[in-house]
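*Asks:* This note's numbering puts the first residue of the first sequence at 61, with every later residue one more than the last.
Backbone N, C-alpha and C define an ideal beta-carbon position, used for all residues, glycine too.
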Amino acid sequence: MNFTLKHQAFNTAARAGVLHTEHGDIETPIFMPVGTAGSVKGIHVRDLKDDIGAQIILGNTYHLYLRPGTDIIEQAGGLHKFNGWSGPILTDSGGYQVFSLGDIRKLTEEGARFQSHIDGSRHLFTPESVIDIQRKIGADIIMAFDECTPGDAEYDYAKKSLALTQRWLDRCVEQMEKTQPRYGHQQSLFPIVQGGVYPDLREAAAKNIIAIPSDGYAIGGLSVGEPEADMYAMIDVVAPILPQDKPRYLMGVGTPVNILEAIDRGIDMFDCVMPTRNGRNGMLFTQNGTINIKNKRWADDFSPVDQDGTSFVDHQYSKAFLRHLIVSNEMLGSQIASQHNLSFYLWLVKEARTQILTGNFKNWKEEMVIKLAQRL
RNA sequence: GGGGAGAUACCAAAGUGGCCAACUGGGGCAGACUGUAACUCUGCUGGCGUACGCCUUCGUAGGUUCGAAUCCUGCUCUCCCCA
Numbered sequence: 061m062n063f064t065l066k067h068q069a070f071n072t073a074a075r076a077g078v079l080h081t082e083h084g085d086i087e088t089p090i091f092m093p094v095g096t097a098g099s100v101k102g103i104h105v106r107d108l109k110d111d112i113g114a115q116i117i118l119g120n121t122y123h124l125y126l127r128p129g130t131d132i133i134e135q136a137g138g139l140h141k142f143n144g145w146s147g148p149i150l151t152d153s154g155g156y157q158v159f160s161l162g163d164i165r166k167l168t169e170e171g172a173r174f175q176s177h178i179d180g181s182r183h184l185f186t187p188e189s190v191i192d193i194q195r196k197i198g199a200d201i202i203m204a205f206d207e208c209t210p211g212d213a214e215y216d217y218a219k220k221s222l223a224l225t226q227r228w229l230d231r232c233v234e235q236m237e238k239t240q241p242r243y244g245h246q247q248s249l250f251p252i253v254q255g256g257v258y259p260d261l262r263e264a265a266a267k268n269i270i271a272i273p274s275d276g277y278a279i280g281g282l283s284v285g286e287p288e289a290d291m292y293a294m295i296d297v298v299a300p301i302l303p304q305d306k307p308r309y310l311m312g313v314g315t316p317v318n319i320l321e322a323i324d325r326g327i328d329m330f331d332c333v334m335p336t337r338n339g340r341n342g343m344l345f346t347q348n349g350t351i352n353i354k355n356k357r358w359a360d361d362f363s364p365v366d367q368d369g370t371s372f373v374d375h376q377y378s379k380a381f382l383r384h385l386i387v388s389n390e391m392l393g394s395q396i397a398s399q400h401n402l403s404f405y406l407w408l409v410k411e412a413r414t415q416i417l418t419g420n421f422k423n424w425k426e427e428m429v430i431k432l433a434q435r436l
């Protein structure tokens, strides 16, 4: 796996590049749809590829481990074979579940003990086991096992949490070295910078991490409850420390505005459940702001879902019909909204890339941020 | 014709003397959602007021009572059973 930088503008840290993987090239900046349980909820692989233009998707270690279980995925020949997605796959390590399932897990030096949210059964995740599982899933990009520190963590907690994440990282690296790819393609480990909302912790974490040779570096523990300004401030601290010639992945972010702001600060890769989850809940993202399609005002609006949209669903269906579907809890509504939102997200990063390459990113971004913040 | 049951807010349905502007669902109207325990969650839903509150409501007309959605009487309507 290697990364080629195509262009870097003078008045912004934004970059355009290409990340080459054995399952295909990824043009950055990129948004990666989240497919927690092996599927991007409600979206066919064909539409992901041909209509939405996704270049890489996510899977989740914790969820896939619980269901269908690692054995089944191995028997299938890896997640690519299992779900039919032939492009690159990145798996989250379960570090986010350490955060989101805080009530039913316990952290120790050894790892994280979870109680399954499905049946209550008890499971231990260690840095080693998490690497092994991701190997078996067949991820192109394997994420280090970390503790995703809550956004409101006090300094002392964030510091301890970071130290644990760093010790776990060393064990992840060691386990990667001791093990081999499962299905004949390369698997790369991305370390993760934590440190809460504390610049000195973030700086130390970033410096610590770049000592580990990797094909890419991630920033985690943001957009988890902290003020938006803190998120940007942490990116400002960390991104300049990370190697220029490696992709930078901001985990779990975010809103369209978040993404543009982060691209401006030198981030290359993003993922977020927002386009799919919020889509299912009736929120549409457009160039001109967000739409709550459940609102009464759309009931008799027979114009296309999105006049400027790039997906077929944007022109195939009207706002009124989509509202009807969502309000009626018809599953097609979730599908259309998700497909629209993902298409918009992929359009957004593609357009950002074009603007970077033509040297107009900064101006374009400033205009877009204003438009995107509107509510229609 | 005889017997029985019932009429509560947009719908359904609790409430059978004061804690009732009235439980709870649904519907409606808004809001939230950031490495997915999420087709989920939260709020509001008689009128006016930010709020304390005030006003008008439980088929309808009267009555009893300090006080009625709740008790009594007449009327109207609905449903069930038997002829």
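1. Where residue 235 and residue 292 are concerned, what is the direct C-alpha to C-alpha distance, given to the nearest angstrom?
2. If I follow the unbroken alpha helix (DSSP H) through residue 87, where does it start and stop?
3. When DSSP builds the beta bridges, which residues end up paired with residue 80?
4. Which class does residue 151 belong to by DSSP, given the choice of helix, strand or coil?
5. Just to confirm my understanding: we take residue 364, look at its own chain, exclude 5 residues before and 5 after, and list those with CB closer than 7 Å. What are they?
6. Taking the C-alpha atoms as reference points, what is the distance between residue 131 and residue 83?
7. So, using beta-carbon positions, are residue 349 and residue 436 closer together than 7 Å?
8. What residue range is occupied by the uninterrupted beta strand (DSSP E) comprising residue 166?
9. Do you know how far the Cα of residue 221 is from the Cα of residue 213?
10. I need the straight-line Cα distance from residue 123 to residue 147, nearest angstrom please.
11. Is residue 286 buried or exposed, if buried means 16 or more other CB atoms sit within 10 Å of its CB?
12. If you check the beta carbons only, do residue 314 and residue 208 fall under 7 Å apart?
13. In terms of residues, what are the limits of the beta strand (DSSP E) holding residue 119?
14. Select from 277, 135, 396, 169 the residue whose C-alpha is nearest the C-alpha of residue 337.
15. What separation, rounded to the nearest whole angstrom, lies between the Cα atoms of residue 330 and residue 118?
16. If you measure between the beta carbons of residue 155 and residue 91, is that distance less than 7 Å?
17. Give a yes or no on whether the C-beta atoms belonging to residue 278 and residue 311 are separated by under 7 Å.
18. Between the Cα of residue 142 and those of 183, 197, 358, spot the shortest distance and give me the residue it belongs to.
19. Would residue 185 and residue 172 qualify as a contact pair, given that the criterion is a beta-carbon distance under 7 Å?
20. For residue 282, report the span of its alpha helix (DSSP H) as first-last.
21. Should the region 100 to 108 be regarded as contacting the region 383 to 400, the criterion being three or more beta carbon pairs within less than 8 Å?
22. Kindly indicate the opening and closing residues of the alpha helix (DSSP H) around residue 295.
23. Just the Cα atoms here: how many angstroms apart are residue 89 and residue 170?
24. For residue 225 and residue 352, I'd like the C-alpha separation in whole angstroms.
25. Quick test of your reading: residue 74 and residue 324, contact by CB under 8 Å. State the CB separation rounded to the nearest angstrom.
26. Taking its Cβ as the centre, do 16 or more other Cβ atoms sit within 10 Å of residue 182, making it buried, or is it exposed?
*Replies:* Let me lay it out:
1. 33 Å
2. That residue, residue 87, is in no alpha helix (DSSP H); its beta strand (DSSP E) goes 84 to 88.
3. 62, 85
4. strand
5. 374, 375, 378
6. 23 Å
7. yes
8. 165 to 167
9. 9 Å
10. 20 Å
11. buried
12. no
13. 117 to 120
14. 396
15. 10 Å
16. no
17. yes
18. 197
19. yes
20. Unbroken run through residue 282: none, as it is neither H nor E.
21. yes
22. 288 to 298
23. 36 Å
24. 39 Å
25. 5 Å
26. exposed
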